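Trainee:
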Amino acid sequence: MSRHSHDVTSSDFQQQVLDASHNVPVLVDFWAPWCGPCKVLKPLLEKLADEYSGRFMLAKVNSDENQELASRYGVRGIPNVKAFVGGKLADEFTGALPESGVREFIDALLPSPAEPLRLEAQAALSRGDNVAARRLLSSALAADPRNETARLDLVELDMTDGKLDTAGQVLEEMGGTARDQLRIAALRAHLQLAAASGTADTLALTARLADDPADLEARLQLATALACHQDYHNALGHLLEIVRRDRNFQDDIGRKTMLTLFTLLAAQPEHAELVREFRVALARALH
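All the letters of the sequence shown, read from the start, carry residue numbers 0 to 286 under numbering that gives the first Met the number 0.
Printed below as a string of structure tokens:
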């Protein structure tokens, strides 16, 4: 019996799985002696448990002998592998995956070696030390090139530092294969607004509008500049005014830019009420 895998029953499931998963991920293999695919998957999991040397633990549950446990966790078919992290079910799969698929499943559960460096980078950013943050994020990606969160953090830093072309290229390369599509969509929206705002002078644009409230070009430039400065309420207000004044202005640019902002703010729950407010206002303006 490997020290990285063991048989578990209802009597010790709490200790061997739920409690243990606060230290490392625990994979629970629900199997049965009569199950053909189980005979393929079970030795593969045992092999990987030894290979990973304690980075995860394997708990093997005979579902025939522990039917209450299988029922409690909704086991419908076997083999069924459930992963527990921090005392909670984190992920699962049913059936005998190929070794590459099982490895991918396990790797997604393991803490990334990039994470401590990424958190240090966030702390550096909060101090305003962009240089240190960039160095730390580069080190994080060297430690784990697949860490999407660190890569997207670096994209945000590129945008902050005005490296819009670099940020856009990275987002394009990530494409639709990345897991965090909501954040990618928000960053693309932010990039679009940043490119549109250029080096707009908000004071000069405000003065132009004071002289001529019908100057929709100035209003659009001011809205995009305000959005880039995270003054989303006023930015949306100016865009809504463009919609009210002229739907045909620059091929309905007021409405389209509002939708871009909604996409940007969708990844920021603290702005949910603001988005709801202006979605309603936009709907009223269109009808």
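Note that the Cβ used here is the ideal one computed from N, Cα and C, for glycine as well.
Bear in mind that the values here come from a model prediction, so they are computed numbers and not experimental data.
What does a CB cutoff of less than 6 Å around A195 pick up in its chain, not counting 5 residues either side in sequence?
Mentor: T223
Trainee: Report yes or no: do the stretch 227-235 and the stretch 255-268 share at least 3 C-beta pairs separated by less than 8 Å?
Mentor: yes
Trainee: Please classify V60: does DSSP put it in a helix, a strand, or coil?
Mentor: strand
Trainee: For V274, which residues of its own chain have a beta-carbon under 6 Å away from its beta-carbon, when the five flanking residues on both sides are left out?
Mentor: Closer than 6 Å at the Cβ level, and outside the excluded window around V274, lie F261, L264.
Trainee: For the beta strand (DSSP E) containing H5, list its first residue and its last residue.
Mentor: For H5, the enclosing beta strand (DSSP E) begins and ends at 4-6.
Trainee: Helix or strand or just coil, what does DSSP make of D28?
Mentor: strand
Trainee: Keeping to the same chain, check which residues put their C-beta closer than 6 Å to that of L136; ignore five residues upstream and five downstream.
Mentor: Here the set comprises A120, A149, D152, L153.
Trainee: Roughly how many angstroms lie between the CA atoms of S4 and L116, to the nearest whole one?
Mentor: 31 Å
Trainee: Tell me whether V242 is buried or exposed, calling it buried when 16 or more other Cβ atoms sit within 10 Å of its Cβ.
Mentor: Result: buried.
Trainee: Which residues mark the beginning and the end of the alpha helix (DSSP H) in which E91 is found?
Mentor: No alpha helix (DSSP H) contains E91, which is instead part of the beta strand (DSSP E) from 87-93.
Trainee: Going by DSSP, what residue range makes up the alpha helix (DSSP H) through A271?
Mentor: A271: member of the alpha helix (DSSP H) spanning 271-285, first to last residue.
Trainee: Since A132 and L124 are thought to touch, with beta carbons under 8 Å apart, how far apart are those beta carbons, to the nearest angstrom?
Mentor: Taking 8 Å as the upper bound for CB-CB distance, A132 and L124 are in contact here, some 5 Å apart.
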